[in-house]
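What follows is the structure, given as structure tokens:
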């Protein structure tokens with residue numbers, strides 16, 4: 001009985017896909033305004049700000065997963081144009097990697113997530129987005 005319930009939970013979760021809250025979408029657009037350095041590639045989620053993709057998103061309004069970069073490049077014409085027309089929506093792992101590569105130690109991330117209550121509330125990715133915004137704006141305090 002427990003395995004059936006677990007299976008149903010897994011299927012229900014997989015059908016819902018990745019969801020980004022409104023604040024995450026707003027922060028991602030700020031990242032773009034700050035000039036965040038990113039390269040569109042397979043495995044990234046993007047927010048289509050200019051209706052580049054005509055097909056409705058299977059996830060949420062204007063949020064797409066890059067499974068085939070060539071498809072996005074055919075629509076945009078070039079990598080530069082693609083970056084102009086969409087903004088990157090980092091996953092949890094991509095946000096952690098970005099912060100680490102930006103010089104933010106893992107312990108500082110863990111401390112921030114804990115202090116913000118992000119783990120208990122289940123909004124770790126949102127708090128990581130807030131940290132990225134703080135980093136890009138120069139507001140992230142050194143640990």
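In the numbering used here, the protein residues as written are 1 to 143.
Glycine is no exception: its CB is placed at the ideal position from the N, C-alpha and C atoms.
Source: prediction; values computed, not measured.
Taking contact to mean 3 or more Cβ pairs, one atom from each stretch, closer than 8 Å, check whether the segment 37-46 and the segment 88-104 are in contact.
They touch, by the three-pair rule.
State the start and end residues of the unbroken beta strand (DSSP E) segment that holds residue 65.
For this step, residue 65 is matched to residue 65 along the chain shown. Counting along the chain, the beta strand (DSSP E) containing residue 65 begins and ends at 63-65.
With contact counted as at least three CB pairs below 8 Å, one residue from each stretch, are the segment 60-74 and the segment 110-125 in contact?
Because the criterion of three Cβ pairs below 8 Å is not met, the segment 60-74 and the segment 110-125 do not touch.
Residue 28 to residue 111 span [Cα, whole Å]:
By one-based count along the chain shown, residue 28 stands at place 28. By one-based count along the chain shown, residue 111 stands at place 111. Rounded to whole angstroms, residue 28 to residue 111 spans 22 Å at the Cα level.
According to DSSP, what are the bridge partners of residue 87?
In the chain shown, counting from the first residue as 1, residue 87 sits at position 87. Beta-bridge partners assigned by DSSP to residue 87: 47.
Take residue 136 and list the residues in its own chain whose beta-carbon comes closer than 6 Å to its own, dropping the five residues that flank it on each side.
Within the chain shown, numbered from 1, the residue matching residue 136 stands at position 136. Apart from the 5 residues on each side of it in sequence, residue 136 sits with its Cβ closer than 6 Å to the Cβ of 34 in its chain, given in chain order.
Let me check understanding here. Comparing Cα to Cα, which of 82, 21, 109 and 68 lies closest to residue 50?
Indexing the chain shown from 1 puts residue 50 at position 50. Checked all of 82, 21, 109 and 68; the closest Cα to residue 50 is 82.
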